Structure formats: structure tokens, C-alpha cells
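S.K.: Heads up: the sequence lines are chains A and B, in that order. Residues 1 to 114 (my numbering) are what the first sequence spells out, left to right. Residues 1 to 114 (my numbering) are what the second sequence spells out, left to right.
Protein chains: 2
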Amino acid sequence: MTADPVSAVFGALADPTRRAILARLATGEATVNELAAPFPISVQAISKHLGVLERAGLIVRTRDAQWRRCRLDPTPLRTVAEWVDQYRRLWAERYDALDDYLHDLKETSHDRDP
Amino acid sequence: MTADPVSAVFGALADPTRRAILARLATGEATVNELAAPFPISVQAISKHLGVLERAGLIVRTRDAQWRRCRLDPTPLRTVAEWVDQYRRLWAERYDALDDYLHDLKETSHDRDP
DNA sequence: TGTAGATTCAACCCGACGGTTAATTAGCTA
DNA sequence: TAGCTAATTAACCGTCGGGTTGAATCTACA
Chain A
1 MTADPVSAVF GALADPTRRA ILARLATGEA TVNELAAPFP ISVQAISKHL GVLERAGLIV
61 RTRDAQWRRC RLDPTPLRTV AEWVDQYRRL WAERYDALDD YLHDLKETSH DRDP
Chain B
1 MTADPVSAVF GALADPTRRA ILARLATGEA TVNELAAPFP ISVQAISKHL GVLERAGLIV
61 RTRDAQWRRC RLDPTPLRTV AEWVDQYRRL WAERYDALDD YLHDLKETSH DRDP
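The structure is reproduced here in C-alpha cells:
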């Protein structure tokens, strides 16, 4: 619960129910009951999931009469994208290595250095 | 344990120690002891973290004499990047809105954009 | 052969997580 | 005011996660 923000976001995304909630909210605001409807679990469980998403900064909840409207805040996802981008070069290299390998198959000479 | 692959990857990334291990492995292969050295926790705990990372597909472990060399496999990070990209439009819109706002503030000024 | 080192396995502790049901708060409306 | 609905809070349960210590396994090497 006292986790750093990055861990909080990754932790919040590590659950299929919460990711489904985010996908739903990507189409627009919704109340708790609306969000809970598609799931076979209680509305209280959904409320807990929303608490996790809110603490991670992924949603904001505003009071509207007796309803709580939930809205997606994609800002932390931008942070996640930036974090993952640190490694983009690596899987790009992996692609390059595959290219090289396929290229080597066609050529005949190659030198290896340690 | 029986979590879907996406949840397994996000869950593996939801820990600062494991992210630090990945950052270290981004610079090249390492043994378990080498990976454990910077951390104030036991090597057994690191071994558990490596198990989580391996189950998530983020690292591969190869046996080399009595050592276990760990190598980063960035493939699942590509999956994460693709997942996050689904939401890129949303924070881009948010950026656009901010841009509009800042633009309105300055109205006329010099622009030096990247 | 025996011993030292690298790593994992096993058992345990404690707190967090995902879920439940029951009770409570908050706000609309008759 | 009472009563209905939306949502959260509280208490509880079983499991998992991160950590520990101690023992087991595997390998190199004197």
C-alpha cells in the first residue's frame, strides 16, 4: 500500500478485472454499478478494485448525486509507456539479430568476435 | 500462479527489486550472486524474484557449470508496450488539450518545438 | 575423495489481495 | 418523515507474495 507509484500502477494493471474496467472506461465515464454489471462478482469487490485503480492514479471518482462517476486518467499509462520504452531498443536489436541470422544463412563468410 | 500471461508480466513488473534486476540485465547477462550483490536481501529472496521473472517470460536461465546465467528476454515488454498503446490516443488527446490551453495563454509567441 | 561455492528447496512468518456477507453512509423522492 | 437506491466500510476467509533461516543439490577443484 505504501508502494512507489510505478509499482502501484503495474500492480493495478496486474489483474484482468481491473484491465477490463479500464477498457470500459476508455469508452467514457461510468458509475460503479454500471462498471460492475458485466462481472460475476459483487459490487463491493468492484468497489475495492476501483480503490486500487484510484490509488494508482488511473481513475478519478467524482460525486454526482448518489452516484460516483468514474473517469479514466491515462496519465500513469504514459509513465508506463516511457518505462517500457527504455527497453524498446533491446527487442529491436533482437529483431536485428534475427535479420542478421537470416542474412548469414544466405551469405557464406562471417567472423565471430567474443 | 495460474494467472494469464499479461497479468503475470504486469505482476512481475510491480516490484522495484525485480525492475532493478531487469535494468541490470539490460546491460548483459549475470549470475544469481551477481544480481543479488547490490540488494540488502538474501540470495534466496533474489532467487524467488528470478522465478517470478522467469515465469513471466522476462528472463531465461541457462546452466553454466555451477552458475545459472540469467538473460533478459524483452519479448513480453513488447506485449506490454502494445497493450499500453491502446490508450495512447487518450493521453495524446489530453496533451492536445493542454497544448491548446497553453497556446491560448500565450496566443502569439515564438515556438521552438522538438 | 572431500570440501567449498552457487543455487535452489522447504518450512515458516506476516501482511496484502481478491472475494464474500452484513452493516453503514449518503442522497433522492414519495 | 420514511423508504429506496448507490456506494462504501467492516469483518472475515483462504491464498499469494516477499522475506527469513536452514537444509539439500549440484559442480568445480585441491
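Note that the Cβ used here is the ideal one computed from N, Cα and C, for glycine as well. This structure is a prediction, so every number in the text was calculated from the model and none was measured.
I need the straight-line Cα distance from R71 (chain B) to A92 (chain B), nearest angstrom please.
M.R.: On the second sequence, position 71 is the one that residue 71 (chain B) refers to. On the second sequence, position 92 is the one that residue 92 (chain B) refers to. Near 34 Å, if we compare the C-alpha coordinates of A92 (chain B) and R71 (chain B).
S.K.: Can you give me, in chain order, the residues of the region 1-35 of chain A that have a beta carbon less than 9 Å from any beta carbon in chain B?
M.R.: Listed by position, the residues of the region 1-35 of chain A near chain B (Cβ gap below 9 Å) are A3, D4, V6, S7, A8, V9, F10, G11, A12, L13, A14, D15, P16, R19, L22, A23 and A26.
S.K.: Would you mind listing the beta strand (DSSP E) stretches within the region 38-75 of chain A that are 3+ residues and don't spill past its ends, in chain order?
M.R.: DSSP runs (the beta strand (DSSP E)) wholly in the region 38-75 of chain A: 59-64 and 67-72.
S.K.: To the nearest angstrom, how far is it from the Cα of L22 (chain A) to the Cα of T62 (chain A)?
M.R.: Working through the first sequence from its first residue, we reach residue 22 (chain A) at position 22. Working through the first sequence from its first residue, we reach residue 62 (chain A) at position 62. The alpha-carbon atoms of L22 (chain A) and T62 (chain A) are separated by roughly 16 Å.
S.K.: Tell me the DSSP secondary structure of A30 (chain A) in three-state form.
M.R.: Your numbering for residue 30 (chain A) matches position 30 in the first sequence. Looking at A30 (chain A) - three-state DSSP - the assignment turns out to be strand.
S.K.: Where does D85 (chain A) land, buried or exposed, given buried means 16+ other C-beta within 10 angstroms?
M.R.: Here residue 85 (chain A) is taken as the residue at index 85 of the first sequence, counted from 1. Classification of D85 (chain A): exposed, given that the 10 Å Cβ count is below 16.
S.K.: Is it buried or exposed for R18 (chain A), if we count other Cβ within 10 angstroms and need 16 for buried?
M.R.: Numbered from 1 along the first sequence, position 18 holds the residue referred to as residue 18 (chain A). The residue is buried, with at least 16 neighbouring Cβ atoms inside 10 Å.
S.K.: Within the same chain, show all residues whose beta-carbon is closer than 6 Å to that of T79 (chain A), passing over the 5 residues directly before and after it, in chain order.
M.R.: To locate residue 79 (chain A), count along the first sequence from 1; it is residue 79. Here the set comprises nothing.
S.K.: To the nearest angstrom, how far is it from the Cα of A8 (chain A) to the Cα of Y87 (chain A)?
M.R.: Against the first sequence, residue 8 (chain A) aligns to sequence position 8. Against the first sequence, residue 87 (chain A) aligns to sequence position 87. Cα to Cα, the separation comes out at about 20 Å.
S.K.: Confirm, please, whether the CB-CB distance from A12 (chain A) to L53 (chain A) is below 8 Å.
M.R.: Walking along the first sequence from the start, residue 53 (chain A) turns up at place 53. Walking along the first sequence from the start, residue 12 (chain A) turns up at place 12. For L53 (chain A) and A12 (chain A), yes; Cβs fall inside 8 Å.
S.K.: Is there a Cβ of chain A sitting closer than 8 Å to that of T75 (chain B), yes or no?
M.R.: Locating residue 75 (chain B) in the second sequence gives position 75, counting from the first residue. Chain A contact via Cβ: present.
S.K.: Use the C-beta contact count for I59 (chain B): other C-beta atoms within 10 angstroms, 16 or more gives buried, fewer gives exposed.
M.R.: Start at 1 with the first residue of the second sequence, and residue 59 (chain B) comes out as number 59. Counting Cβ neighbours within 10 Å, I59 (chain B) comes out buried, since at least 16 surround it.
S.K.: Have a look at B:W67, B:P76 and B:D64 and flag the residue whose alpha-carbon is nearest the alpha-carbon of R55 (chain B).
M.R.: For this step, residue 55 (chain B) is matched to residue 55 along the second sequence. The option with the nearest alpha carbon to R55 (chain B) is B:P76.
S.K.: By how many angstroms is the C-alpha of A20 (chain A) removed from the C-alpha of A3 (chain B)?
M.R.: Taking the first residue of the second sequence as 1, we reach residue 3 (chain B) at position 3. Taking the first residue of the first sequence as 1, we reach residue 20 (chain A) at position 20. Taking the straight line from one Cα to the other gives about 15 Å.
S.K.: Looking at the C-beta of L90 (chain B), does it have a partner C-beta in chain A at a distance below 8 Å?
M.R.: The sequence position of residue 90 (chain B) within the second sequence is 90, counting from 1. Yes, contact with chain A.
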